[in-house]
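For my numbering, add 3 to where a residue sits in the sequence shown, where the first one is 1. What follows is a set of notes on a single structure, which appears directly below.
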Amino acid sequence: MRTLIQNGTLVRSQGIEQADILVENGFIKRVAPKITEQADNVIEAGGKLIFAGFIDTHTHFDLDLGVTVTADNFATGTRAAILGGTTTVLDFATQDHGMTMQDALDLWHRKAEGSSCNYGFHMAISEWDGERAAEVENMVAQGVTSFKMYMVYDAMRLNDGEIYAALKHMNALNCISGVHCENYDVLNERIHELNSIGMRSPLGHPLSRPNAVEAEAVARLMRIGELADAPVWVVHLSTHEGLEEARRARARGQEVYLETCPQYLVLDDSRYGEPDAEKFIMSPPLRKPEDEDALLSAMSSGEIDVIGTDHCSFTMSQKALGEGEFSKTPNGGAGVQNRAQLVYTYAVRTGRITLQQMAALLSENAARMFGMYPHRGVLQEGSEADITIYDPAGESTISYKTNAHHCDNSPYEGMKVYGSVSDVLLGGRHVVRDGQLVKEGKGRFVFRKASGRYRA
Ligand SMILES: [Zn+2]
């Protein structure tokens, strides 16, 4: 089976050029200005942008919070992902208390079967002891080379000593660890303070976790990473102050990776006054326009590595399980389908970053950082033919009604976006054609090598 993509504009981190791509047996066979060989399937891509398939570094599908399970499972979540041009998601397999990592990995493999885009797993750990440590090597042998720890959430949090020991151990095996950075004790105390003056509505959410709650935790993580002599990855960075702490650590010579999310670039905390503001309850919370601006600047200067969605969707009736109390409302929002359009519209089209930077932030850096490069994340001969074709023409409005997410709300409801994903090849298969999903369930597990460490 041969597919020829012709007359498109190739967007790669190192440059933009007009070229054709010939795909054969699932791989990119040739990239050249003009390819005349015969193909079974010809995609005319004149005027369109061709990217290496996008990689979402941060999703939560089929995650059980105890009180409820995320609205999207892998079937619906990966359908939405591929329609949005994401060919690989890295989801968080979660080792709950009393489980082994192997239990969690087996469970996530079962959950993800039949996905419509490729998938890999980070392993989120809720305990750290000799038994867990002994499992890490086994995870690496099964293609799981990145780990996540939380400083918050009763069911998940590790203390600083555990984070220190885990960072050290992961680093010795050339794995990378991400940390959810917020000061747990302080934010809980602030929730009590707010509740005691009668503040229970969504307006209380950003007040309970102001910028310094993140910045203190980022600063602490930076020092823990320094002490452990290990690289650190800050997941979903949301504040200017947190960014400053990461900059200080890099200036000391530390190896720091930064991830942010579209919601911290295009939404701000004025939204907590809106009706249905429960849909904006996520942690970290939405911030101020100054924070959005700082993060966009950091994307432009190359300080941000990757943009993940932190897709963690709940319907409004699930959000209502918190009975209007911000501190009890399930945290998270839907967004896995909207990432490319949001970044294209609000970062590229506004002149904040270049198309080449969009290619790096949405695909290449993730592939490097998480052990998938150059197999994925790049348009070059020999790479997997995971290819996303973006048509910059046209405009549309994001709505939960047209999203494929299995969710009756969207934090981006009503936002205008320019361009759309027209076609997607997944391992050479033409799975999205003219914006429609034509082949479902073709995703495969992505076995990842030890992490790329490109900032080492
Ligand atoms: Zn998350």
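Heads up, the beta-carbon is just placed ideally off N, CA and C, and yes, glycines get one too. These numbers come from a predicted model, not from an experiment.
{"Check": "Gly455 classed as buried or exposed, judged by whether at least 16 other C-beta atoms fall within 10 angstroms", "Outcome": "buried"}
{"Check": "Span of the alpha helix (DSSP H), counted from its first residue to its last, around Val26", "Outcome": "No alpha helix (DSSP H) holds Val26; the beta strand (DSSP E) holding it covers 18 to 27."}
{"Check": "Cβ pair Arg33, Glu293 closer than 8 angstroms", "Outcome": "no"}
{"Check": "Cβ shell of Glu262 (< 8 angstroms), same chain only, five flanking positions each side left out", "Outcome": "Thr60, His61, Gly181, Trp236, Val237, Val238, His239, Leu240, Ile307, Asp308, Val309, Ile310, Gly311"}
{"Check": "Rounded C-alpha distance that separates Ile194 from Asn186", "Outcome": "12 angstroms"}
{"Check": "Runs of beta strand (DSSP E) wholly within the segment 22 to 99 (minimum 3 residues, chain order)", "Outcome": "30 to 35, 44 to 47, 52 to 55, 57 to 62, 89 to 98"}
{"Check": "C-beta contact flag for Glu326 and Pro205 at 8 angstroms", "Outcome": "no"}
{"Check": "Distance, His433 Cα to Met102 Cα", "Outcome": "39 angstroms"}
{"Check": "Every unbroken alpha helix (DSSP H) inside the segment 145 to 221 [4 residues or more]", "Outcome": "163 to 175, 187 to 199, 207 to 211"}
{"Check": "Alpha carbon of Ile227 to alpha carbon of Ile166, nearest angstrom", "Outcome": "8 angstroms"}
{"Check": "Span separating the alpha-carbon of Gln41 from that of Ala48", "Outcome": "16 angstroms"}
{"Check": "Three-state class that DSSP yields for Gly336 in the structure shown", "Outcome": "strand"}
{"Check": "Asn347 in three-state terms, based on DSSP", "Outcome": "A quick correction: the sequence has Tyr, not Asn, at residue 347. Here Tyr347 sits in helix by DSSP."}
{"Check": "N-terminal and C-terminal residue of the alpha helix (DSSP H) that Pro3 is part of", "Outcome": "Because residue 3 is not part of the residues shown, which for the chain are 4 to 459, the question remains open."}
{"Check": "Minimum length 4: unbroken alpha helix (DSSP H) runs contained in the segment 220 to 304", "Outcome": "243 to 254, 266 to 269, 292 to 303"}
{"Check": "His208 versus Ile284: straight-line alpha-carbon distance, rounded", "Outcome": "7 angstroms"}
{"Check": "Straight-line Cα distance separating Val45 from Tyr153", "Outcome": "47 angstroms"}
{"Check": "Bridge partners - Met104, DSSP secondary structure assignment", "Outcome": "Beta-bridge pairing links Met104 to no other residue."}
{"Check": "Burial state of Ser320 (16 or more Cβ within 10 Å)", "Outcome": "exposed"}
{"Check": "Any non-hydrogen atom of ligand 1 closer than 7 angstroms to Leu61 Cβ", "Outcome": "Here residue 61 is His; the residue named in the question, Leu, does not match the sequence. His61: yes, Cβ under 7 angstroms from ligand 1."}
{"Check": "Nearest candidate by alpha-carbon position, reference Gly336, set Tyr122, Ala137, Pro288", "Outcome": "Pro288"}
{"Check": "Under the three-state DSSP convention, the category Asn121 falls into", "Outcome": "strand"}
{"Check": "Assigned exposure category for Gly1 - 16 Cβ within 10 Å defines buried", "Outcome": "Because the chain here runs from 4 to 459, residue 1 falls outside it and cannot be looked at."}
{"Check": "Reduced DSSP category for Asp308 - H, G, I as helix; E, B as strand; rest coil", "Outcome": "coil"}
{"Check": "Cβ-Cβ distance between Val420 and Ile401 below 8 angstroms", "Outcome": "yes"}
{"Check": "CB of Ala107 within 8 angstroms of CB of Thr91, strictly", "Outcome": "no"}
{"Check": "Residue span of the beta strand (DSSP E) that contains Arg432, given as start and end", "Outcome": "432 to 436"}
{"Check": "Bridge partners - Thr353, DSSP secondary structure assignment", "Outcome": "Answer is none; Thr353 lacks a bridge partner."}
{"Check": "8 angstroms contact criterion, which Val427 and Ile85 should meet: CB distance rounded", "Outcome": "6 angstroms"}
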